[in-house]
Amino acid sequence: MKDVEMKMLERAKALLESGEVARVIGWKKGDFCFDPAPASFETVEELDNFVYDYFCGANLSKYLIQMSKKEGKTAVFLKPCDTYSFNQLVKEHRIKRENVYVIAVECMAKLDIEKIKAKGISMVESVEVVGKEVKVTSAYGVETLYKPDVVLTKCATCTKTHQVKDEEIILHERPARDVDRFEEVAKLEAMTADERFAFWREQLSKCIRCNACRNVCPACSCVKCVFDNPASGIAAKANDDKFEEQLFHVIRAFHVAGRCTDCGECSRVCPQNIPLHLLNRKFIKDIDNLYGEYQAGETDEGKTPLTSYTEGDAEPNDVMNGEAK
Amino acid sequence: MQEVTTEKKEFTPNIVAFCCNWCSYAGADLAGSSRLTYPANVKIIRVPCSCRVNPMFILKAFQQGADGVILCGCHPGDCHYVTGNYYTRRRMSLLFSFLSYMGIEKERTRVEWVSAAEGARFSAVMNDFVKTVTELGENKRLTDLRIKEGK
Amino acid sequence: MQRIGVFICWCGSNIAATVDVVKVAEVMKNEPGVVFSANYQYMCSENGQQLIKQAIKEHNLTGIVVGSCSPRMHEATFRKTAEAAGLNPYMVEIANIREHCSWIHKDMDEATEKAIILVRTAIAKVKLNAPLTAGESPVVKRALVIGGGIAGIQAALDIADAGFEVDIVEKNATIGGRMAQLDKTFPTLDCSACILTPKMVDCAQHEKIDILSYSEVEDVKGFVGNFNVKIRRKARYVDETKCTGCKVCMDKCPSKKGLNAFNMNLNTRPAIHIPFAQAIPNVAVIDPEQCIKLKTGKCGICQKFCGVGAIDYEQKDTFIERQYGAIVVATGFKPIALDAFNEYGYADNKDVITSLELERLMNAAGPTNGVLLRPSDGTHPKVITFIQCVGSRDSSGCGKPYCSKICCMYTAKHAMLLREKYPDTEVHVFYIDVRTPGKNYDEFYRRAVEQYGVDYIKGMVGKVYNENGKLMVQGSNLIDNEQITIESDLVVLATAIEPEPSVRKVATLLTASIDTNNFLTESHAKLRPVESPTAGVYLAGVCQGPKDIPETVSQASACAAKVIGLLVKDKLKTNPCVAIPDEMMCNGCSQCANVCAYGAITYVDKEFRLGGGKTEVRRVASVNPAVCQGCGACTVTCPSGAMDLKGFSSKQIMSEVEAICKK
Amino acid sequence: MLKIAKERLNELYAKINESMGLFIPIKRAGEVNYAVWGEGKEVSLETLKTVKSPKNMFFPQTENMMQFKTEGKNIEIVDIREEYKELRPFVLFGVKACDYKAIEVLDKVFLADPVDTYYQNRREATTIVTLACSRPEESCFCGVFGIDATAPTGDVTTWLDGEYLYWQVNTEKGKALTALVKDLLTEGGEKEVASQQETTKTVLEKLPFANLDLSRFKPENLNELFEAKEWEEMSEACLGCGTCTFVCPTCQCFDIRDIKTNEGVLRYRCWDSCMYSDFTQMAGGNNRTTQLQRFRQRFMHKLVYYPSQNDGLYSCVGCGRCVNKCPQKLNIVKVIKTLGGKNND
Amino acid sequence: MINETLIPKIGVVTDIRKDTPDVKTFRVVGTDGKKLFEHMPGQCAMVSIPGVGECMFSITSSPTNKEYMEFSIKKCGCVTEVIHAIEVGQQITVRGPYGKNFPVEGDFKGKDLLFIAGGIGLAPLRSVINYVRHYRNNYGKVVIVYGARSKDDLVDIDEIKTEWMNEPNMEVYLTIDRPQDGWDGHVGFVPAYVKELGLDPNMTAVLCGPPIMIKFTLAGLLELGFDKSRVYTTLELRMKCGIGKCGRCNVGDKFVCKDGPVFRMTELDELPDEY
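In the order they appear, the protein sequences are chains E, H, F, L and P. Take the first sequence: its letters are residues 1 to 325, numbered as in this note's numbering. Take the second sequence: its letters are residues 1 to 151, numbered as in this note's numbering. Take the third sequence: its letters are residues 1 to 663, numbered as in this note's numbering. Take the fourth sequence: its letters are residues 1 to 345, numbered as in this note's numbering. Take the fifth sequence: its letters are residues 1 to 275, numbered as in this note's numbering.
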């Protein structure tokens with residue numbers, strides 16, 4: 001990771017110095033070793049705070065909606081999964097492609113500090129990753145953790161490869177992985193309706209309607225969200241009632257259906273750790289099953305499954321009765 | 001919210017039916033002119049095409065206390081607007097499958113294609129749907145309690 | 001606040017017998033926003049309408065709800081009533097308390113309760129109605145006909161005769177189409193050329209008609225009344241204005257081995273040629289694939305011999321752009337390819353031919369000058385077997401699931417003509433059914449059987465094979481329930497027809513829809529059979545579905561009538577219930593355009609004020625109200641809810657939902 | 001000082017619950033939040049930071065206010081505060097020092113004239129049992145605001161150490177509560193508590209944010225801070241979500257909305273966030289159109305505006321929830337470090 | 001009895017006057033026919049139609065009117081649109097009064113007063129002008145400069161012409177932005193007119209109108225030698241609770257609903273530029 005960081009820094013410096021780009025979007029160091037924040041760098045001096053490590057989980061693609069409107073080109077570092085979001089945003093004309101210089105960077109699965117802390121470790125001072133081992137040094141000592149236990153949920157089932165027509169790539173070849181991202185969805189599907197309802201009630205009862213999931217979501221790029229639009233008839237902010245957050249999450253999942261790239265940011269940012277990605281993945285799974293495999297953001301053009309059709313599509317009632325394939 | 005056990009009255013579900021103007025609404029008209037009965041708790045909302053039905057309308061209906069929502073349109077291939085019901089078919093397949101995934105009883109939602117000639121079918125479909133929803137009982141999982149109980 | 005008037009109709013006893021109309025009207029008086037409520041025996045009657053008009057004026061109503069029969073019945077009536085009283089016609093809502101209530105419920109209380117809810121629902125909606133006015137768009141008084149077959153010719157002539165300019169775009173070098181290839185026509189057996197060519201000449205001479213032969217539609221923009229069409233004029237290498245059709249070039253051309261498509265490739269023609277004697281325009285065309293000069297640069301004989309200097313090897317495709325108010329699609333058909341039908345041995349035996357090939361073999365202007373000779377050895381066939389439904393009514397996947405409709409009749413025609421011209425021939429016809437609906441059709445068929453002694457065998461053919469120079473047709477006779485084999489000299493396949501493949505491109509350009517068999521879809525199978533769902537586009541001939549000449553001509557004339565009806569208008573009223581984007585909410589994501597079947601949505605860059613003196617240019621959707629048909633597909637696709645539908649707005653529908661669910 | 005063995009805490013909860021409501025950190029679907037105690041619920045007193053703060057108890061995220069019935073042109077207001085008037089007294093159990101201080105901050109807003117009676121009713125019905133911290137973590141910085149995490153006040157203060165929960169009565173309300181559960185409590189624990197406090201204090205001193213400098217956040221620097229160019233850089237990555245405001249124990253912004261019900265129109269209020277783009281949207285325009293302005297508003301309010309109205313009391317208590325929960329790792333500490341004063345450098 | 005400040009009172013609209021194409025004035029009394037509550041000039045109230053929304057409006061009638069209160073409301077959003085559609089007899093809800101009033105019993109006393117308004121900006125000033133007229137002897141000379149886009153957009157023109165213009169020791173200057181048929185008065189923008197008039201800088205001034213007008217008029221006044229500490233204006237920001245709690249109208253250390261809407265220019269100078 002350190003070598004990747006060095007290369008990125010080098011490129012960022014060169015791009016800024018040459019004037020080819022007006023700014024670089026990346027991450028800057030935080031107060032701890034685990035809280036780098038997305039940032040834009042406009043001068044070589046500012047790059048002193050540049051960092052790229054195992055905690056740079058944030059998807060930077062959505063920032064480009066605003067950044068690409070600014071004067072001058074914006075260079076951006078995108079991890080493989082972020083490139084899908086980027087394509088999707090380009091497809092929806094939300095990013096001015098010509099104003100962006102994309103550098104695809106290696107990911108290697110990011111760590112989740114909350115998962116590390118949940119192991120009973122606090123006052124973390126430094127974290128080192130060697131292969132599948134994560135060495136965490138804290139004020140209370142050193143502990144070694146098994147990496148798959150503490151990666152971000154979104155990274156655990158990720159098999160994505162960079163998809164953008166890159167200007168350049170800083171990437172080691174990553175071995176293909178064989179993971180089933182629909183495992184959890186299938187588990188839920190196998191439950192009875194009552195059990196599923198209980199599961200989602202329990203999870204969604206935690207929702208505080210902070211809108212972090214929506215605001216971080218690259219598919220939720222609306223100028224104004226329906227839930228903020230008093231004219232929409234469903235505008236709401238309240239959370240505490242049985243229905244509201246359900247409505248919110250159903251509509252949100254429906255609106256991003258066919259457009260969600262499964263970047264997993266929604267689950268990463270949820271302060272209550274609601275597995276929101278399982279909502280979107282249900283749509284993805286159904287779309288794959290019913291209309292053929294489709295990965296949003298694989299390209300930056302074409303129609304989505306919900307804006308296309310075939311004459312022989314499955315009938316809704318068959319889908320409901322599990323008779324459609 | 002306390003669980004109040006009231007005397008068991010016979011439950012009549014509240015059903016909202018969205019019907020496209022060109023086929024299903026006409027089918028409902030035909031059911032009427034043929035005097036083919038179906039329960040009075042089915043209320044029809046006329047939309048130009050089944051593809052006008054936004055999932056928000058369906059959820060709104062449940063939120064407001066509907067017990068079942070049925071969507072009727074022209075048979076695929078017969079859409080007055082050429083392709084509208086193809087989109088409806090995908091949207092509703094996914095939406096209803098999703099609602100079921102959330103634990104909402106799948107019997108509460110249905111899509112049926114009813115042509116202008118199928119008055120008898122319209123009536124049969126409604127009878128069947130009302131029966132199914134009646135057996136299922138009151139919608140509790142998608143109702144906004146504030147609205148229903150008016151607290 | 002709206003001032004709503006409610007009018008409950010008894011419909012005699014139709015409603016009043018089951019719904020307590022007086023009570024419904026009474027209850028509505030207490031609804032918020034309702035300032036007038038009445039009931040009457042027949043609202044649609046003169047007196048009923050008078051009541052409504054009076055109430056609108058007296059109570060200064062801003063919207064009305066009529067509780068009556070289905071809006072499909074009288075919505076238009078009551079809208080007119082409202083308009084006559086000075087109220088916008090779109091401020092009217094109908095509560096269907098007859099078809100959806102009184103007629104299906106028996107219990108008075110139950111029906112009354114439901115009627116109350118239905119009327120309330122209509123009130124909830126009408127409160128959110130906005131006055132709508134139909135927009136207007138000008139009409140270009142010129143029509144385009146795509147395809148110069150009999151359908152296109154008829155449509156063009158009819159439109160031109162009404163005084164409007166018409167362009168015919170024909171992809172071949174001449175108009176005339178399939179009908180020009182035919183010998184005789186059923187059921188009258190008059191000569192096809194004799195009735196077609198005068199029409200072709202009429203076209204050529206009509207001052208309002210411009211024939212653009214050897215041309216194709218390249219691009220279509222715009223909408224009903226205002227199509228902008230780009231047409232490719234393919235290089236024919238002959239100056240159309242100079243060529244006199246003298247045919248000297250054809251004699252002199254050294255490259256004579258080109259397959260003659262007009263004769264179904266049964267003989268050959270020179271590289272420079274006029275497709276047939278009566279071609280319109282009577283102008284030569286060079287086949288660039290075959291022309292030695294164009295391929296190698298050496299030759300140029302035709303140029304030398306052309307007395308008028310019409311030959312131009314340097315010609316290139318050119319493009320013209322024209323505006324039209326209406327478009328008629330008449331792209332016609334072709335017989336299907338028979339590759340998938342090995343059992344009939346078409347590919348292996350020269351003497352297994354298609355019906356259209358037979359037409360050419362029987363035609364006086366055909367490759368055999370009208371003498372029926374076997375393609376294989378030029379002998380006169382003695383036993384001829386016809387096989388019906390080759391590729392038609394075939395759901396196996398090889399052929400077409402539909403009936404090609406014309407085959408039964410033309411086979412009867414062929415059989416009859418053969419028996420008449422060559423009484424010594426034996427004619428057998430294998431058929432599944434004989435379908436002869438049409439004036440004088442069945443009589444025609446019966447003549448073939450009864451007068452001409454054609455042997456009709458009900459049964460399917462399993463196999464055609466060559467045995468010692470004889471074609472053995474093996475089939476079943478279902479009537480006698482036996483397997484039979486007929487030793488034949490010539491086998492004629494009644495080949496299924498399918499839309500001319502170029503229709504796909506045309507349909508895409510016109511955003512006209514196509515069914516699974518590539519036939520263009522009409523707007524309504526019964527009531528709007530010649531109109532495409534795309535406004536301003538009309539369908540004539542086989543492009544819309546299999547049909548024979550009389551039907552094609554009727555449809556073409558019907559199209560013409562529709563086109564004339566459109567073109568006589570100076571302005572078009574557009575449906576006001578169309579989609580409308582809220583630019584402030586629109587993300588410009590293009591999803592709505594993806595689902596629009598009519599191509600009504602485009603995107604524009606628009607500047608928005610951000611506050612603080614800053615502005616931002618954003619891509620936003622723009623709906624062409626003249627093209628939008630108001631289905632609402634876009635409204636649901638739009639995640640931000642920026643797209644709404646006038647007359648069926650999200651708020652209106654949600655308020656209906658609320659009114660229904662309210663207990 | 002009194003004490004009770006940890007394994008008997010459930011008896012204590014049950015006893016309180018007999019006559020009063022009990023709100024306590026409870027683990028549900030993996031996360032710990034204040035919720036009504038009940039038999040079988042998983043209490044998690046040890047959790048340092050509940051996701052939502054206990055402000056929810058006095059200032060619920062969504063609260064019904066009144067109902068309107070309309071008929072024709074007439075309106076009738078239905079007072080639905082009956083439920084508050086007869087509100088069952090309740091105990092808020094396990095409140096940490098920072099959260100307790102936050103309640104004080106909220107009191108100054110909601111109980112200031114004119115009093116917010118919805119808040120007041122709930123507030124007065126509460127007995128607060130605080131719990132001292134013994135294992136603070138790196139995001140904690142309550143000390144910066146003069147809060148002693150080892151000795152919160154409240155009606156009763158408790159300490160959790162070893163096998164016991166130690167119990168100290170501070171007020172009359174506390175006394176009443178203690179009387180209710182006196183059978184479960186025994187004397188003792190001064191020594192243990194003192195020793196725990198001492199150990200914790202050494203940790204507190206060493207916390208990474210222990211020495212944040214707030215010296216520049218003074219009313220007289222209001223305009224200078226407002227104009228600081230650093231806001232742009234600090235706010236750049238802000239998503240404009242409301243996570244920080246919703247997990248914050250002192251954020252108080254709310255919205256009032258109406259919803260149509262079967263019985264009429266229900267007016268309710270719900271949490272709102274100054275981070276939302278439409279927070280200050282009105283028909284005539286919006287006075288904060290950029291995320292920079294909204295971001296600045298939140299921190300200026302906490303560190304400058306509020307103290308200027310409330311005798312220097314900051315509207316931040318250093319609980320560190322925003323440090324942990326901000327999706328993009330922006331937080332008030334970064335603001336303090338950037339603008340707070342020389343000693344932060 | 002606790003002050004239930006968030007629970008409104010029910011008011012009945014007894015009269016509706018159409019002042020301009022987009023401004024209507026609504027007269028409101030309680031269900032008992034009496035005035036809902038007392039207020040001071042410049043104070044506001046939250047008016048609501050249940051189910052639609054609640055909005056803060058300046059009370060335009062003078063406190064000296066003991067029978068009713070009035071609100072002049074411009075149609076500019078969804079709530080005001082619905083309010084504009086109501087008819088006489090409709091009930092609405094009202095709560096208040098909120099905010100600080102003009103110092104009519106303090107700094108204004110004995111002073112010459114200058115009122116400058118643009119468009120709907122006259123609404124909050126009407127209350128104070130009529131108050132001053134009622135207690136005429138407590139104040140010195142009164143000068144009113146009022147402008148609007150067109151003559152049809154001048155609010156309360158009847159009252160101005162029939163009453164204010166005939167009041168002794170009171171000068172009224174009207175202007176419209178662009179020339180218009182049937183208007184023989186002054187034409188031009190308010191700030192320019194103010195400078196033209198060459199007003200006495202010792203007057204206490206009150207400004208109300210669109211931000212751009214306030215900005216330029218203030219500059220003009222300062223040029224004429226006015227002292228900022230004697231120039232007042234009112235702010236309008238999004239408000240929800242009206243009692244300084246919901247956070248919406250917070251600017252700097254002030255809540256407009258509670259600490260305003262009346263501010264001295266010198267007070268505004270101390271606030272961050274966000275109003």
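Ideal placement from N, C-alpha and C gives every residue a C-beta, glycine not left out. All values derive from a computational prediction rather than experimental measurement.
Using DSSP bridges, identify the partner residues of residue i.
| i | result |
| --- | --- |
| N263/F | According to DSSP, which records beta bridges pairwise, N263/F is partnered with nothing at all. |
| K27/L | V32/L and E42/L |
| H186/P | T175/P |
| R619/F | D605/F |
| G469/F | Beta-bridge pairing links G469/F to no other residue. |
| R279/P | The structure shown does not extend to residue 279/P, since chain P is modelled only from 1 through 275, so no value can be given for it. |
With C-beta atoms as the reference, is residue i less than 8 Å away from residue j?
| i | j | result |
| --- | --- | --- |
| V132/P | Y68/P | no |
| S221/E | R94/E | yes |
| K400/F | S392/F | yes |
| R322/F | V229/F | yes |
| A40/H | H105/F | yes |
| K34/P | F110/L | no |
| I280/F | C203/F | yes |
How close, in whole Å, do the beta carbons of residue i and residue j come, if the pair is a contact with beta carbons under 8 Å?
| i | j | result |
| --- | --- | --- |
| R238/P | C249/P | 6 Å |
With a floor of 4 residues, list each alpha helix (DSSP H) that falls wholly inside the stretch 627–663 of chain F, ordered by position along the chain. 633–637 and 650–661
Three-pair Cβ contact test at 8 Å for the stretch 79–96 of chain P versus the stretch 70–81 of chain L: yes
Report the residue ranges of all alpha helix (DSSP H) runs contained in full by the stretch 47–126 of chain H; include only those spanning at least 4 residues, in chain order. 55–63 and 84–101
At which residue ranges does the stretch 201–265 of chain F contain complete alpha helix (DSSP H) runs of 4 or more residues, listed in the order of the chain? 248–252
Can you confirm whether the stretch 57–65 of chain E touches the stretch 118–131 of chain E when touching is taken to mean that 3 or more C-beta pairs between the two stretches lie within less than 8 Å? no
Mind the definition here: the stretch 108–124 of chain P touches the stretch 194–210 of chain P only if three or more C-beta pairs lie below 8 Å; say whether that holds. yes
Three or more C-beta pairs below 8 Å linking the stretch 44–51 of chain H and the stretch 79–98 of chain H: yes
Say whether the stretch 212–231 of chain F touches the stretch 297–313 of chain F, bearing in mind that this needs 3 or more beta-carbon pairs closer than 8 Å, one atom from each stretch. no
Considering only residues of the stretch 187–238 of chain L, which uninterrupted alpha helix (DSSP H) runs meet the minimum length of 4 residues and lie entirely inside it, listed in chain order? 190–206, 222–227 and 230–235
Contact between the stretch 171–179 of chain P and the stretch 141–157 of chain P is defined here as three or more beta-carbon pairs at a separation below 8 Å; is this criterion met? yes
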